[in-house]
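With numbering that gives the first Met the number 0 applied, the sequence shown closes on residue 322, and no number is skipped along the way. For each residue, glycine too, the CB sits at the ideal point set by N, CA and C. The model shown is predicted, which means the values in this text are computed figures rather than measured ones.
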Amino acid sequence: MSIDDSDIYHCYVDLWKSTSERVNMAYQGIGETNMLKHRVDADDKAADTGDEAIATAYGARFCIPLDFELLETHMPFYQAGLGDRLEYELTFNNYNKVIKSTDTSASYKIKNICLEFDMVSDTELARQIRQQVDGKMVILYDRILRHRKITKNKSDTLWNINLNVPARSMKGILMLFEDPERTSTETYYNPNITKVEMTIEGVPNQLYSQGMKAYQQWDEINKFFALNSKRNKTTEAVLKDVCFSYTTLEKYLTDNFALWLDLRSTDDNSLHGSGRKIENASEGITIQITKKVGADESINVYLFVIQDAQINFEDGRFKEVNY
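Structure, rendered in structure tokens:
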């Protein structure tokens, strides 16, 4: 289970958190440029009491949340009850994706890497979890597959994209568009798509009968990404209703754009298994995108497929993954 180009995906997902949540996510590296300059003690930082206070508290310490469902949504994780070890492998980015500098020899160093977690000491709880793990246990999760990274030209008015990914339950397809010359990891290019037509396993018009138009893109992406909380579905529903996302319609259509093709029978994010079954991988999915003419420049297109998946444990051991 891995996500290539995880930074591209997760930076985009963070844009859909609430404004208040983002303001308080300095530990994860989210914040205004000047505050981040204070934290790394950049020479060109501007004086600011609030930014200085955050820098004093956190310094250059940042965290990467390990927010996999096995750890945060089902039960307390109990490694001693499992016969297999849980491992995370992190690949860090090149310096030019992390540091803005005119110095071609600029670099960064990561040190004092540690694991932080909350621990519950309760003998009875440990016994109950071990008892459950010793039998048959299923962990449901969202499988995020970076299917492909392809290069297109902004000047084209028609893009044809094919995916051959079999799935028991495909929630949807996310397309992120990256201008190679972008200067912010939170900026995503809008290619001015006017119509999207989808053919699934040889059957046309599978998402919208007349194709998805530009005015429908905002409502579509809100179904899955707006304040998608794994922890509290009630809070998520309320905040989504009152439009608390950091990404507004204006931001979405300018710097926070993505194309989301939702294949679920319902937009309830708490349901598992409501996605589209894809069996014929030979025909798979064909997406035809009609767009306005842009500059004669290249653009990177990232295709992420999100599927319902489950991990099966039996007799305290990992057995299989189904998706």
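Legend entry - Simplified DSSP assignment, three categories, for Met34: helix
Inset, instruction - Determine the contact status of Leu175 and Ile284, defining contact as a CB-CB distance below 8 Å. - result: no
Inset, instruction - For Arg263, count neighbouring C-beta atoms within 10 Å of its own C-beta (all shown protein chains included) and say buried if the count is 16 or more, exposed if not. - result: buried
Legend entry - Proximity winner among Ala25, Ile310, Lys250 and Pro190, relative to Asp50 (alpha-carbon distances): Ala25
Inset, instruction - May I have the straight-line CA-CA distance separating Glu278 from Thr253, to the nearest angstrom? - result: 36 Å
Legend entry - Beta carbon of Ile305 nearer than 8 Å to that of Val320: no
Legend entry - Contacts around Ile109, its chain only, beta-carbon distance under 7 Å, and the 5 residues preceding and following it disregarded: Phe91
Inset, instruction - Give every residue of the same chain whose Cβ lies closer than 8 Å to the Cβ of Ile298, excluding the five residues on either side of it in the sequence, and list them in chain order. - result: Thr150, Lys151, Asn152, Lys153, Phe176, Glu177, Asp178, Pro179, Tyr188 and Pro190
Inset, instruction - With a 10 Å radius around its C-beta and 16 neighbouring C-beta atoms as the bar for buried, classify Ile220 as buried or exposed. - result: buried
Inset, instruction - Pull up the distance between the alpha-carbon of Ser100 and that of Ile63, whole angstroms please. - result: 23 Å
Inset, instruction - Please go through the same chain and pick out, in chain order, the residues whose beta-carbon is closer than 6 Å to the beta-carbon of Val39, but skip the five residues on each side of it. - result: Ala59
Legend entry - Unbroken beta strand (DSSP E) run spanning Lys221, endpoints: Position check: residue 221 holds Asn in this sequence, whereas Lys was assumed. Where Asn221 is concerned, there is no enclosing beta strand (DSSP E), although the alpha helix (DSSP H) it sits in stretches over Gln216 to Phe224.
Inset, instruction - Measure how close the beta-carbons of Gly274 and Ser106 come, nearest whole angstrom, since I'm counting them as under 8 Å. - result: About 43 Å; that fails the 8 Å criterion.
Legend entry - Simplified DSSP state of Glu332, which is helix, strand or coil: As displayed, the chain neither begins before 0 nor continues past 322, which places residue 332 out of reach and without an answer.
Inset, instruction - Can you give me the Cβ contacts of Asp266 inside the same chain, cut-off strictly under 8 Å, excluding the 5 residues immediately before and after it? - result: Lys222 and Phe223
Legend entry - Top-ranked residue by Cα proximity to Gly82, from Arg129, Ile112 and Val12: Arg129
Legend entry - Identity of the residues DSSP links to Lys212 by a beta bridge: Lys194
Legend entry - For Arg147, three-class secondary structure by DSSP: strand
Legend entry - Coarse secondary structure for Arg316, derived from DSSP in three states: strand
Inset, instruction - Measure the CB-CB distance between Val202 and Leu258 and report whether it falls below 8 Å. - result: no
Inset, instruction - Would you kindly report the start and end of the unbroken alpha helix (DSSP H) that includes Arg129? - result: Thr122 to Asp133
Legend entry - Proximity of Tyr301 and Lys96 at Cβ, strictly below 8 Å: no
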